[in-house]
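Undergrad: I'd like to ask you about the structure that follows.
Number of protein chains: 2
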Amino acid sequence: MSPPAALDVNLVGVTDTSTVPVPDPLAVNGVSAWRQKTAKVPTGVAAACNSDMFKSPACYTKPKAKRFEHRFSVESKARKASTLKTAAGYLKNPGLISLGGGLPSSEYFPFEHLDIKVPTAPGFSPEETQKTGTVLRAGKHDIQEGKSVYDLEIALNYGQATGAAPLLRFVTEHTEIIHAPPYSDWQCTLTAGSTYAWDTALRLLCERGDYILMEEYTFASAAETAFPLGLKVAGIPMDEQGLLPEAMDDILSNWDVKARGARKPHVLYTIPTGQNPTGATQTADRRRAVYKVAQKHDIIIVEDEPYYFLQMQPYVGEDAKPVPPPATHEEFIKSLVPSFLSMDVDGRVVRLESFSKVISPGSRVGWIVASEQVIERFIRNFEVSSQNPSGIAQVALFKLLDEHWGHSGYLDWLINLRMSYTTRRDSLVHACEKHLPREIAHWEAPAAGMFHWIKVDWRKHPGISAGKTHGQIEEDIFLTAVDAGVLLSRGSWFKPDHDTVEENMFFRATFAAASSEKIDEAISRFAASLRSQFGL
Amino acid sequence: MSPPAALDVNLVGVTDTSTVPVPDPLAVNGVSAWRQKTAKVPTGVAAACNSDMFKSPACYTKPKAKRFEHRFSVESKARKASTLKTAAGYLKNPGLISLGGGLPSSEYFPFEHLDIKVPTAPGFSPEETQKTGTVLRAGKHDIQEGKSVYDLEIALNYGQATGAAPLLRFVTEHTEIIHAPPYSDWQCTLTAGSTYAWDTALRLLCERGDYILMEEYTFASAAETAFPLGLKVAGIPMDEQGLLPEAMDDILSNWDVKARGARKPHVLYTIPTGQNPTGATQTADRRRAVYKVAQKHDIIIVEDEPYYFLQMQPYVGEDAKPVPPPATHEEFIKSLVPSFLSMDVDGRVVRLESFSKVISPGSRVGWIVASEQVIERFIRNFEVSSQNPSGIAQVALFKLLDEHWGHSGYLDWLINLRMSYTTRRDSLVHACEKHLPREIAHWEAPAAGMFHWIKVDWRKHPGISAGKTHGQIEEDIFLTAVDAGVLLSRGSWFKPDHDTVEENMFFRATFAAASSEKIDEAISRFAASLRSQFGL
Numbered sequence: 001m002s003p004p005a006a007l008d009v010n011l012v013g014v015t016d017t018s019t020v021p022v023p024d025p026l027a028v029n030g031v032s033a034w035r036q037k038t039a040k041v042p043t044g045v046a047a048a049c050n051s052d053m054f055k056s057p058a059c060y061t062k063p064k065a066k067r068f069e070h071r072f073s074v075e076s077k078a079r080k081a082s083t084l085k086t087a088a089g090y091l092k093n094p095g096l097i098s099l100g101g102g103l104p105s106s107e108y109f110p111f112e113h114l115d116i117k118v119p120t121a122p123g124f125s126p127e128e129t130q131k132t133g134t135v136l137r138a139g140k141h142d143i144q145e146g147k148s149v150y151d152l153e154i155a156l157n158y159g160q161a162t163g164a165a166p167l168l169r170f171v172t173e174h175t176e177i178i179h180a181p182p183y184s185d186w187q188c189t190l191t192a193g194s195t196y197a198w199d200t201a202l203r204l205l206c207e208r209g210d211y212i213l214m215e216e217y218t219f220a221s222a223a224e225t226a227f228p229l230g231l232k233v234a235g236i237p238m239d240e241q242g243l244l245p246e247a248m249d250d251i252l253s254n255w256d257v258k259a260r261g262a263r264k265p266h267v268l269y270t271i272p273t274g275q276n277p278t279g280a281t282q283t284a285d286r287r288r289a290v291y292k293v294a295q296k297h298d299i300i301i302v303e304d305e306p307y308y309f310l311q312m313q314p315y316v317g318e319d320a321k322p323v324p325p326p327a328t329h330e331e332f333i334k335s336l337v338p339s340f341l342s343m344d345v346d347g348r349v350v351r352l353e354s355f356s357k358v359i360s361p362g363s364r365v366g367w368i369v370a371s372e373q374v375i376e377r378f379i380r381n382f383e384v385s386s387q388n389p390s391g392i393a394q395v396a397l398f399k400l401l402d403e404h405w406g407h408s409g410y411l412d413w414l415i416n417l418r419m420s421y422t423t424r425r426d427s428l429v430h431a432c433e434k435h436l437p438r439e440i441a442h443w444e445a446p447a448a449g450m451f452h453w454i455k456v457d458w459r460k461h462p463g464i465s466a467g468k469t470h471g472q473i474e475e476d477i478f479l480t481a482v483d484a485g486v487l488l489s490r491g492s493w494f495k496p497d498h499d500t501v502e503e504n505m506f507f508r509a510t511f512a513a514a515s516s517e518k519i520d521e522a523i524s525r526f527a528a529s530l531r532s533q534f535g536l
Numbered sequence: 001m002s003p004p005a006a007l008d009v010n011l012v013g014v015t016d017t018s019t020v021p022v023p024d025p026l027a028v029n030g031v032s033a034w035r036q037k038t039a040k041v042p043t044g045v046a047a048a049c050n051s052d053m054f055k056s057p058a059c060y061t062k063p064k065a066k067r068f069e070h071r072f073s074v075e076s077k078a079r080k081a082s083t084l085k086t087a088a089g090y091l092k093n094p095g096l097i098s099l100g101g102g103l104p105s106s107e108y109f110p111f112e113h114l115d116i117k118v119p120t121a122p123g124f125s126p127e128e129t130q131k132t133g134t135v136l137r138a139g140k141h142d143i144q145e146g147k148s149v150y151d152l153e154i155a156l157n158y159g160q161a162t163g164a165a166p167l168l169r170f171v172t173e174h175t176e177i178i179h180a181p182p183y184s185d186w187q188c189t190l191t192a193g194s195t196y197a198w199d200t201a202l203r204l205l206c207e208r209g210d211y212i213l214m215e216e217y218t219f220a221s222a223a224e225t226a227f228p229l230g231l232k233v234a235g236i237p238m239d240e241q242g243l244l245p246e247a248m249d250d251i252l253s254n255w256d257v258k259a260r261g262a263r264k265p266h267v268l269y270t271i272p273t274g275q276n277p278t279g280a281t282q283t284a285d286r287r288r289a290v291y292k293v294a295q296k297h298d299i300i301i302v303e304d305e306p307y308y309f310l311q312m313q314p315y316v317g318e319d320a321k322p323v324p325p326p327a328t329h330e331e332f333i334k335s336l337v338p339s340f341l342s343m344d345v346d347g348r349v350v351r352l353e354s355f356s357k358v359i360s361p362g363s364r365v366g367w368i369v370a371s372e373q374v375i376e377r378f379i380r381n382f383e384v385s386s387q388n389p390s391g392i393a394q395v396a397l398f399k400l401l402d403e404h405w406g407h408s409g410y411l412d413w414l415i416n417l418r419m420s421y422t423t424r425r426d427s428l429v430h431a432c433e434k435h436l437p438r439e440i441a442h443w444e445a446p447a448a449g450m451f452h453w454i455k456v457d458w459r460k461h462p463g464i465s466a467g468k469t470h471g472q473i474e475e476d477i478f479l480t481a482v483d484a485g486v487l488l489s490r491g492s493w494f495k496p497d498h499d500t501v502e503e504n505m506f507f508r509a510t511f512a513a514a515s516s517e518k519i520d521e522a523i524s525r526f527a528a529s530l531r532s533q534f535g536l
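Residue numbers (the UniProt record's numbering), protein chains in the order written: chain A, 1 to 536; chain B, 1 to 536.
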């Protein structure tokens, strides 16, 4: 497959022999050289853009994605391009005066500039940022004045559903550097947050009455997004590496349309890394096995990956020497478990990306990666719903990620985050080792994410002999802990499949927010509650 | 009805006699005194809040809204409160350490402060802002440091679907000052933009196969939001004051379920002020008549009002003396046509509010006003979709609107905008008077909005005798104008009802974006195109 026409022009100088060598994939240190060769990033008001403007030639050596229109919903199939946006095609005519679109004039945007003070690598802590941080300014007319490719005049006006070109460029390059999808026509689009992207994905892929596949324990809100749409969940059994491909195959191979009252599911929602709530991370082999099952049953995999960069250093126990941080960006990238996107030869993965856990949840900016055909359907939906993420958030992220840190500085930030979360995780696991009664409490140190999943042998609870149910015992333990001054989440809150009963009992603890002293105190309180509940 | 318990406490000092007088409605100059009496605005991470915290006692002298659950969709009725958010109730326990929620720690938000330079009243122009503008700072820990009630620590973290309390307070007060809804239990919630709010409203109120009511010409995107949801549009005939209540009554009274293949519509979408595309503004009497029809047929009115504050000075012609601006805020508020919300004794209005036309479309922050019952359903949807508008945009708006301008400064800004749009409108109407061939072109000067609607006597077009259709003639005129260097929008783009044929032909011109010189040149080009097309 050839690069699109827009890139052809720019590639003329790249190869001067008739035998075209396979180009190198984009790497962190190759971005600035590659940008010199690409067309200029579009800078007009609501300028159209797409990832093809920014992908490197390596992408185009790969085959195209499969077609998935047979998976689209009635709603999604009915979406058409916006009538008014088609008129924008005429705006290219030189000298044309447009009285067509109702865009307000930027003179009425009451923001002259926006400054953000941000960390300068490697001084990432709040204290260092105060001292050595850099102030970045987005002015109203930076583009006109040649100072930037994105400014307030553009950010404060209407935009495209893809997001603004300069930020789309950054996330496209980032996607290629980290995941290098193995098919050619992948695309990114920014989203108004990952939760919104998931809601849209469900409306795009499912009909009322459908089942979707989820891990047997999953992010409660993700299931609660699905239920009101008339969807049910088939929960896939898990082990410490997350969902079990054999179990998934089993559910799908033995799907009984009549008994379930629904067609066979065709969407898998999974959190492969640092799963919420279990903390499980699927290994590369596990992912390959799951992908094969998805191919066998023609499943779309929605890969929700907010915790991908919260992969931590190996857990080594309290007294062992900590593992030193990755020495280079290459080593860091290699240390990351490969994503479903990186093995997606068919284009059946919809990857939900989020800045919430690595920059700020309040930005309400995320992005998705999927095949061009699928992304186009998302965009048609966004155009008449969210329109695009906030331009104020987009310009702040662009200034920080692209103009200030660049890909290299962003990876430094992510490595720093990895080390911080490693310390946090270690505090929690150490506290568990120190305090929890091992007779009834079991856990694995999580390799990624924010969550620690504690299994409790509920069948040893004295309430059993009194005829108490799983739910009652879980509640007793939960409320005793609350009375003792510690809040953990009940495992049952995260069970989306209402057709099955719960065999085990879990509690979820997060190490994301509290200090290590507070974590120690909290786990000590939880341990005391467990002892009193189980009469230990 | 009594004020809610939270307010009771604060009202103790307000009345010291046993006969409680009817309190005065909230006015611009009464806000700061009232704020002294209310509970403190909540400032925690994702702190819960609602408009009742901020409404004045005058609201509670009014009856409650009617119930509208019979209008809710299957999807909306199925929505439940978030499992995880219910756990937040325990956070009030003193001394509790929470390892429950997965909120990232603010030390990992790489923004130390955010500054915006904004206009200082009355220096609203970009030039004046550069010279006399004020720099407003949102720091990371302003709340802890006693500097503000909203800061980056809060804005950059997860939030509530209502939006952050300090900004919700501002829009609640603004709503009371401008509209004083005539029932007690109205609520506001922020939205991730009005387009998203409309998409949500449709999913909340309609089922596939339903018809909704719209003006016979309406904002194309609003209709395109509805179509993929399986909705059809019954267009209501209009005159220069917008939709005709008799025609609406007629459609509803004679609704033929069998012929239409759908139940009688129960949702009216209307743009009452400066309607897009027609520029029509419904008078107070017209609105009252429409409201009566809505009551008769139990219709929910979705009032989309982005142009409410683009109501302009009366049009007086090129040589007449311009009408001086409103002298006071009271005079300004009185000059505004009353909203449907202001006459909504039943609580059947869902008012979609937007900052897009008065502050910035790129903020992607709007709000809605409706009865508590309806707002609660919106919130349940937002929680598992948009979550909340971007915190970065919210904090910028809060700093500008609440901390800097206050209600008084915001009204000054809106008056300034009114005068600017009056000048722009006048330029366009003058250009039409100067250039357009009155034999075939007709228009009314719009009283509000961004749009001018030009009717063309298409039956006088020579193409008629050659058997050309309405669509062909419209396209000929459009393309001739494009060739002449001017882009207007075709009226047919805005016709959402696909069951009826178009009797008339229109072109829409906006005066929002181009300068008066460009507008004059553009209309002169359009006039020449019309003359050549009609052989004049």
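Backbone N, C-alpha and C define an ideal beta-carbon position, used for all residues, glycine too. Please read all numbers here as calculations on a predicted model, not as lab measurements.
#1: Cutting at 7 Å between CB atoms, please list the residues of its own chain near arginine 490/B, excluding the five before and the five after it.
#2: Under the three-state reduction of DSSP, which class applies to arginine 67/A: helix, strand or coil?
#3: Are the C-beta of isoleucine 299/B and some C-beta of chain A separated by less than 7 Å?
#4: Select from Gln373/B, Ala484/B, Ala514/B, Gln472/B the residue whose C-alpha is nearest the C-alpha of tyrosine 183/B.
#5: When you compare only the Cα positions, how much space is there between serine 371/A and serine 51/A?
#6: Looking only at its chain, what residues have a beta carbon closer than 7 Å to the beta carbon of serine 529/B, apart from the 5 residues adjacent to it on each side?
#7: Fully enclosed by the region 348-388 of chain B, which alpha helix (DSSP H) runs are 4 residues long or longer?
#8: What are the boundary residues of the alpha helix (DSSP H) that glutamine 533/A is part of?
#9: Mind reading off the beta-carbon distance from arginine 286/A to methionine 343/A? Whole number of angstroms is fine, and I expect it under 8 Å.
#10: Report the three-state DSSP secondary structure of threonine 469/A (helix, strand or coil).
#11: For glutamine 387/A, which residues in chain B fall below 7 Å Cβ to Cβ?
#12: Check the Cβ of valine 384/B against every Cβ in chain A and list those closer than 7 Å, keeping chain order.
#13: Among the residues of its own chain, which have a CB less than 7 Å from the CB of tryptophan 34/B, if the five just before and after it don't count?
#14: Of all Cβ atoms in chain A, is any one closer than 7 Å to the Cβ of glutamate 403/B?
#15: So, with DSSP's three-state summary, where would you put methionine 505/A?
#16: Please name the residue, chosen from Lys92/B, Ala78/B, Gly30/B, Ser105/B, that lies closest to serine 515/A on a Cα-to-Cα basis.
#17: Is the number of C-beta pairs between the region 29-46 of chain B and the region 235-244 of chain B that are closer than 8 Å three or more?
#18: Nearest-angstrom Cα distance between valine 22/A and glycine 102/A?
#19: Please confirm whether glutamate 107/A has its beta-carbon closer than 7 Å to some beta-carbon of chain B.
#20: Taking one C-beta from the region 357-371 of chain B and one from the region 392-409 of chain B each time, how about it: are there three or more such pairs within less than 8 Å?
#21: With 7 Å as the threshold, decide whether the Cβ of serine 98/A is near any Cβ in chain B.
#22: Kindly say whether leucine 536/B, judged by its beta-carbon, lies nearer than 7 Å to any beta-carbon of chain A.
#23: For the beta strand (DSSP E) that contains phenylalanine 124/A, what are its first and last residues?
#24: Who are the neighbours of leucine 103/B on chain A, taking C-beta pairs under 7 Å?
#25: Got a sec: is the Cβ-Cβ distance from leucine 84/A to anything in chain B below 7 Å?
#26: Just the chain A side, please: which residues come within less than 9 Å of aspartate 115/B by C-beta, in chain order?
#27: Can you find a CB in chain B that lies within less than 7 Å of the CB of asparagine 416/A?
#28: Considering just the uninterrupted stretch of the beta strand (DSSP E) at glutamate 303/B, what are its terminal residues?
#29: Determine the DSSP secondary structure at aspartate 16/A, reduced to helix, strand or coil.
#30: For isoleucine 464/A, count the other beta carbons within 10 Å of its own beta carbon; 16 or more makes it buried, fewer makes it exposed. Which is it?
#31: Take the Cβ of histidine 404/B as the centre, count every other Cβ of all protein chains shown within 10 Å, and call the residue buried at 16 or more, exposed below.
#32: Name, in chain order, the residues that DSSP records as bridge partners for glycine 139/B.
TA: Working from what's here:
#1: Glu474, Phe478, Phe507
#2: coil
#3: no
#4: Gln373/B
#5: 11 Å
#6: Ile477, Thr480, Ala481, Ala484
#7: 372-383
#8: 516-534
#9: The pair is not a contact, with the Cβ atoms about 11 Å apart (cut-off 8 Å).
#10: coil
#11: Gly193, Thr195, Arg364
#12: Thr195, Asp199, Ser221, Glu224, Thr225
#13: Leu26, Ser56
#14: no
#15: strand
#16: Ser105/B
#17: no
#18: 46 Å
#19: yes
#20: yes
#21: yes
#22: no
#23: Per DSSP, phenylalanine 124/A belongs to no beta strand (DSSP E) and is neither H nor E.
#24: Ala512, Ala513
#25: yes
#26: His113, Leu114, Asp115, Ile116, Lys117, Val135, Arg137
#27: no
#28: 300-304
#29: Confidence at aspartate 16/A is low in this model, with a pLDDT of 45, below 50, so the placement of that residue should be treated as unreliable; the coordinate-derived value is given next. Three-state result, aspartate 16/A: coil.
#30: exposed
#31: buried
#32: His113/B
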